[in-house]
Each structure stands twice: as C-alpha cells, then as structure tokens.
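J.:
In the numbering used here, the protein residues as written are 89 to 241.
1) Assuming contact is defined by CB atoms lying nearer than 8 Å, are residue 218 and residue 172 in contact in what I supplied?
2) Between which two residues does the beta strand (DSSP E) holding residue 239 run?
3) For the beta strand (DSSP E) that contains residue 142, what are its first and last residues?
4) By alpha-carbon positions, which one of 169, 116, 215 ends up nearest to residue 137?
5) Among residues of its own chain, excluding the 5 on either side of residue 187, which ones have a beta-carbon nearer than 6 Å to its beta-carbon?
6) Would the beta-carbon of residue 214 fall within 8 Å of that of residue 229?
7) Here's the rule: buried if 16 or more other CB atoms are within 10 angstroms of the residue's CB, otherwise exposed. What is residue 227?
8) When the distance is taken between beta carbons, is residue 162 closer than 8 Å to residue 196?
9) Quick one: grab the DSSP three-state call for residue 227.
10) At a Cβ threshold of 8 Å, is residue 232 touching chain C?
11) Ignoring anything shorter than 3 residues or poking outside the stretch 133-205, list the beta strand (DSSP E) runs there in chain order.
12) Take residue 234 as the anchor and find which of 216, 212, 224, 222 has the nearest alpha-carbon.
13) Do you know how far the Cα of residue 239 is from the Cα of residue 169?
14) Between which two residues does the beta strand (DSSP E) carrying residue 213 extend?
15) Buried or exposed: which applies to residue 209, given that a residue is buried once 16 or more other Cβ atoms fall within 10 Å of its Cβ?
16) Just the C-alpha distance for residue 192 and residue 221, rounded to the nearest angstrom, thanks.
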C-alpha cells in the first residue's frame, strides 16, 4: 500500500503508478446483491440459465458494479495520510471495455493523473484500470476526481 503523507507528496505523485490491488472474485451472489440494491435485474446479470445462452455465455457483472468496486479495491492500493476528508467530486471519463463474467477475478491498477490546489485543499485525479485475470483488455478504465479537505478548512 502506498501512503501519501502530505500535500507535497500528493503533488509529487503525478504521473506515477500507486500500485495494484489484490485479485477479487466476482460471485453471482455479489451480482445479485447489486441487482437488488439498484433494481437492475436484467437477465444478463441475474439469470444464469438464460445468460448461458446469451451473448457472453454466462451472467456478467453490471458495469456500475465494477465501477462501485473502486473504493474497496483502491483502499488496498493507496491512502492519504493525515486529518483530511476525502470527498468524491466526480468522474472525468469511464469506459466499460470488457464484460466481467461471473467467477472472474478483477483487480485495480491506480495511477495519479493530476493534482492541483483548491481553496480548501487539493483536487486529485486518479486513473483506475480494472483488470480481469487472464484477459488482455481491462474491464473498466475510469478517471475519478477526489477533493482532499484538511481538517478545519
């Protein structure tokens, strides 16, 4: 795990890879729980029998399920030290390139794209590449924007 200890270290990390998370298997149970939470119960996600005959040969994780794994997987890769609040500011770019079939293992490769100061702290843009074990193309590539706000700011 890479810990960025202060504003200067965060700023100096631009252009570097912070690391890679552990592999996590995407189970049908996880897919079903996400479908229940979001109401997206499309058969390609939740009906293994029908999906076996469908375009992917098995059920697949929702793209937004894959995206929602960023905080969990990212926490294995990096942390911002000190008394700062991390606030999601948004996403610059998200692409779902390869479906994640049930049982596949995924991991997150994280790089720092940009850092700039704001009135209350720093704005950090990170590139997340969700890789699928045994696949050449990633499942998802996303740029997240996080604002780090110092305590009392």
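Ideal placement from N, C-alpha and C gives every residue a C-beta, glycine not left out.
T.: Taking the geometry as given:
1) Here residue 218 corresponds to residue number 130 of the chain shown, with the count starting at 1. Here residue 172 corresponds to residue number 84 of the chain shown, with the count starting at 1. No. Outside cutoff.
2) Position 151 of the chain shown holds residue 239. Per DSSP, residue 239 lies in no beta strand (DSSP E) segment and is marked neither H nor E.
3) Taking the first residue of the chain shown as position 1, residue 142 is located at position 54. In the DSSP assignment, residue 142 falls outside any beta strand (DSSP E) and carries neither an H nor an E.
4) For this step, residue 137 is matched to residue 49 along the chain shown. Minimum Cα distance to residue 137 is reached at 116.
5) By one-based count along the chain shown, residue 187 stands at place 99. Same-chain partners within the cutoff: 144, 148.
6) Position 126 of the chain shown, counted from the first residue, corresponds to residue 214. Position 141 of the chain shown, counted from the first residue, corresponds to residue 229. Contact flag unset, no.
7) As a position in the chain shown, residue 227 is number 139, starting the count at 1. Taking all protein chains shown into account, residue 227 has 16 or more neighbouring C-beta atoms within 10 Å of its C-beta and is therefore buried.
8) In the chain shown, the residue the question calls residue 196 occupies position 108. In the chain shown, the residue the question calls residue 162 occupies position 74. Yes, the pair counts as a contact, with Cβ atoms nearer than the cut-off.
9) Taking the chain shown and counting its residues from 1, the one referred to as residue 227 is at position 139. Note: residue 227 maps to coil in three-state DSSP.
10) In the displayed structure, chain C is absent; only one protein chain is listed.
11) Residue ranges of uninterrupted beta strand (DSSP E) with 3 or more members, entirely inside the stretch 133-205 and ordered along the chain, are 166-168, 172-184, 193-205.
12) Numbered from 1 along the chain shown, position 146 holds the residue referred to as residue 234. Checking every option, the nearest Cα to that of residue 234 belongs to 212.
13) Translated into positions along the chain shown, residue 169 becomes position 81. Translated into positions along the chain shown, residue 239 becomes position 151. One C-alpha to the other measures close to 12 Å.
14) Counting from one through the chain shown, the residue named residue 213 turns up at place 125. Unbroken beta strand (DSSP E) run through residue 213: 209-220.
15) Numbered from its first residue, the chain shown carries residue 209 at position 121. Buried is the call here.
16) For the purposes of this step, residue 192 is taken as the residue at position 104 of the chain shown. For the purposes of this step, residue 221 is taken as the residue at position 133 of the chain shown. Between residue 192 and residue 221, the alpha-carbon positions lie close to 7 Å from each other.
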